[in-house]
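A.B. asks: My structure is below; once you've seen it, I'll send some questions.
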Amino acid sequence: MKQQMKDRYHHWSDIKYLKDIVTNPMIEVGEYSYYSGYYDQHDFEDGCVRYLWGDDRSRKLFNPIEQYGWVLDKLIIGNYVCIASGVIILMGGNHNHHPEWITVYPFVEQINNSYERKGDTIIESDAWIGMNAMIMPGVNIGEGAIVAAGSVVVKDVPAYTIVGGNPAKEIKKRFTDEEIAKLKEMRWYDWERKQIERASHLLSRSSIHQLYDYYLREIRPDRSKV
C-alpha cells in the first residue's frame, strides 16, 4: 500500500523523480530525471517500462540469468531526462518472436534457443520523450534529443535532434553543429547541482555562446584541478 501511495499521481503537474521510485536493478537512472504519469496512472517500472525482467514479481517467478544464462538488456537513463505520460519503453521480454522462422509463436520448449538480445536501451541526459511515444528495444536516444508526442522510435536518435512520426524521422536539429559540439563539451547536466542552479538563467535561454563563456570562466577551471 505504501508503494502504491508513493507512485500515485494526483495532478497532471505531478512528477516522480526516477531515483525515488526505481527498484529494478536492470534500470539505471541519473539525477533529476523524472516521469510524469498522471494521465495513465501507470507505475514507471510496470507501465512505462514493459517486458523488463528484474522487478520484485518477476524475480520471484523466474531468473533467466541463472536458468538460461541470458545476458539481459538494461534500460539506462541519464540526468535531467523528461518522460511524459503515456510513454512506453519496450524492453527485452518479447525478443522470442522470430520473423525469419516458420512461426513467430514462442513455444516454451524453444524459449532458451529463441532469446536474442537487442542491446541496452539508452536515453541520454537532457532528452525529452513526449506523451504517448514508444521507444523500441535497443534504441539509443542522444543527449538533448526530443521525441515528439505519439512517435514510434525504431532507430537511434542523434544528439540535439527532434524526431517525430511512425516510424520516427528527423524533423530538425535543435542547434548548429558548432553549437552542438560546445554542448557536448560542456555536459552541463553533469555539473554539480549548485553550479547548475547558478547557471539556470543561461540554460533557460537560446544563447549557447553565453553559456559557453560561463563554462570557460566558471566550470572548466574547476575541472582542470581534479
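Converting from the sequence shown to this note's numbering requires adding 60 to each position, the first position being numbered 1.
No residue lacks a Cβ here, since even glycine has one placed at the ideal position from N, Cα and C.
1) Would you report the Cα separation of Val-212 and Asn-226, rounded to the nearest angstrom?
2) Hey, out of Gly-146, Gly-190 and Leu-271, whose CA is closest to Cys-108's CA?
3) What does the Cβ neighbour count give for Asp-273, buried or exposed, with the cut at 16 atoms within 10 Å?
4) On the DSSP bridge list, what partners appear for Lys-76?
5) Can you tell me whether DSSP reads Ile-137 as helix, strand or coil?
6) By the DSSP assignment, the beta strand (DSSP E) with Glu-88 in it spans what residues?
7) From Trp-161, Glu-88, Glu-160 and Glu-105, pick the residue whose C-alpha is nearest to that of Ile-136; which is it?
8) Pull up the distance between the alpha-carbon of Tyr-77 and that of Glu-203, whole angstroms please.
9) With a threshold of 8 Å, are at least 3 pairs of Cβ atoms found where one atom belongs to the region 191-201 and the other to the region 233-253?
C.D. replies: Per the coordinate set shown:
1) If I take the Cα positions, the gap works out to 5 Å.
2) Per the Cα distances, Gly-146.
3) Under this definition Asp-273 is an exposed residue.
4) Lys-76 has Tyr-95 as its beta-bridge partners, per DSSP.
5) Ile-137: strand per DSSP, three-state reduction.
6) From DSSP, the beta strand (DSSP E) with Glu-88 extends over 87-89.
7) The option with the nearest alpha carbon to Ile-136 is Glu-88.
8) Approximately 18 Å between the Cα atoms of the pair.
9) At 8 Å Cβ cutoff, the stretches do not touch.
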